[in-house]
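Asks: One structure, pasted below without further comment.
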Amino acid sequence: MAEDEARLRITTTAELLKAVELGIVDRTEARSLLGFGVKRGRMARLQPREGGRFTKGGDQVLPFNRFSASARDAMLRAQELSGERGHPDTGDLLLALAGQAGSAAALALQAAGAGREQVGAALAGLARSEAPLAGLGPTTELKQAVEAAFHDVAYPAQVGTRPLVLALAATDGVASAALAGLGVTPEALRAELDRLGGDPES
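Heads up: the sequence shown begins at 1 in the numbering used here, then just goes up one per residue.
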């Protein structure tokens with residue numbers, strides 16, 4: 001009963017991560033709540049394959065410890081930005097990345113004409129119509145973008161803000177629509193990231 005009551009109070013990703021740390025929620029259930037399906041028992045024995053992905057029978061589990069610190073912070077911020085919607089979408093992650101001072105994604109977005117204020121204004125004029133997944137997880141489009149970012153980074157390198165912002169620009173959703181409205185293409189973002197150089201995991 002106490003465990004069920006504790007679960008009812010978990011409303012953000014940060015609280016869910018804390019619940020896992022305290023042992024209130026196990027890791028398998030946490031992945032399920034985040035919208036990434038896991039079959040109990042069958043996935044635990046698998047080792048990372050190419051790209052750091054765990055796959056079996058069409059299922060995919062993303063090893064979240066591969067996120068860089070900046071990418072993890074952006075994902076948590078996206079959850080906060082989702083507010084009453086409860087399901088972070090690609091627009092939430094784009095806004096989180098644009099507002100993350102010093103990260104590769106933020107610098108590239110700013111240089112391309114899509115700083116935090118511009119992104120916020122562009123998102124305000126769009127319907128947030130992405131399809132939500134069950135539990136506290138992201139929308140289908142955000143899940144697809146994150147999976148694409150993992151796919152583009154060879155294991156065991158960390159997934160930073162660079163592949164995340166490129167995946168958002170290339171995935172159909174609110175983020176790509178906002179960027180298109182600002183005249184920012186995936187190619188333009190990639191060019192800015194290449195120009196910036198620096199740590200590929202930033």
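In this text, a Cβ means the ideal position worked out from N, Cα and C, and glycines have one as well.
If you're wondering where the values come from, they're calculated on a predicted model, not measured in any experiment.
Taking 8 Å as the threshold (C-beta atoms), are L97 and V280 in contact?
Replies: It is not possible to answer for residue 280, since the shown part of the chain is limited to 1 through 202.
Asks: Three or more C-beta pairs closer than 8 Å, one from the stretch 90–105 and one from the stretch 142–150: is that the case here?
Replies: Yes, the stretch 90–105 is in contact with the stretch 142–150.
Asks: How far does the alpha helix (DSSP H) with F150 in it reach, from first residue to last?
Replies: For this step, residue 150 is matched to residue 150 along the sequence shown. Unbroken alpha helix (DSSP H) run through F150: 140–151.
Asks: Just to confirm, are H87 and G160 a CB contact at a threshold of 8 Å?
Replies: Stepping through the sequence shown from its first residue, residue 87 is reached at position 87. Stepping through the sequence shown from its first residue, residue 160 is reached at position 160. In terms of Cβ geometry, H87 and G160 do not form a close pair [threshold 8 Å].
Asks: What is the rounded straight-line gap between the Cα of V165 and the Cα of S176?
Replies: The sequence position of residue 165 within the sequence shown is 165, counting from 1. The sequence position of residue 176 within the sequence shown is 176, counting from 1. So the two alpha carbons sit approximately 10 Å from each other.
Asks: How about D73 and Q110: do their beta carbons lie closer than 8 Å?
Replies: Numbered from its first residue, the sequence shown carries residue 73 at position 73. Numbered from its first residue, the sequence shown carries residue 110 at position 110. Result no, Cβ atoms of D73 and Q110 do not sit closer than 8 Å.
Asks: I need the DSSP call for P233, collapsed to helix, strand or coil.
Replies: No statement about residue 233 is possible, as the shown extent of the chain runs from 1 to 202 and does not include it.
Asks: Going straight from the alpha carbon of L182 to that of Y155, what length do you get?
Replies: Here residue 182 corresponds to residue number 182 of the sequence shown, with the count starting at 1. Here residue 155 corresponds to residue number 155 of the sequence shown, with the count starting at 1. About 33 Å.
Asks: Looking at the structure shown, is P88 part of a helix, part of a strand, or coil, going by DSSP?
Replies: Within the sequence shown, the letter at position 88 stands for residue 88. If DSSP states are grouped into helix, strand and coil, P88 belongs with coil.
Asks: Rounding to the nearest angstrom, what Cα-Cα distance links D194 and A188 in this structure?
Replies: By 1-based counting over the sequence shown, the position of residue 194 is 194. By 1-based counting over the sequence shown, the position of residue 188 is 188. Cα-Cα distance, rounded: 10 Å.
Asks: List the whole-angstrom C-beta distance separating A114 from L179, where the pair is believed to meet the contact cut-off of C-beta under 8 Å.
Replies: In the sequence shown, residue 114 corresponds to position 114, counting from 1. In the sequence shown, residue 179 corresponds to position 179, counting from 1. Going by Cβ atoms, the distance from A114 to L179 rounds to 6 Å, so yes, they are a contact pair.
Asks: Do A167 and A148 have their beta-carbon atoms positioned less than 8 Å apart in this structure?
Replies: As a position in the sequence shown, residue 148 is number 148, starting the count at 1. As a position in the sequence shown, residue 167 is number 167, starting the count at 1. Yes, the pair counts as a contact, with Cβ atoms nearer than the cut-off.
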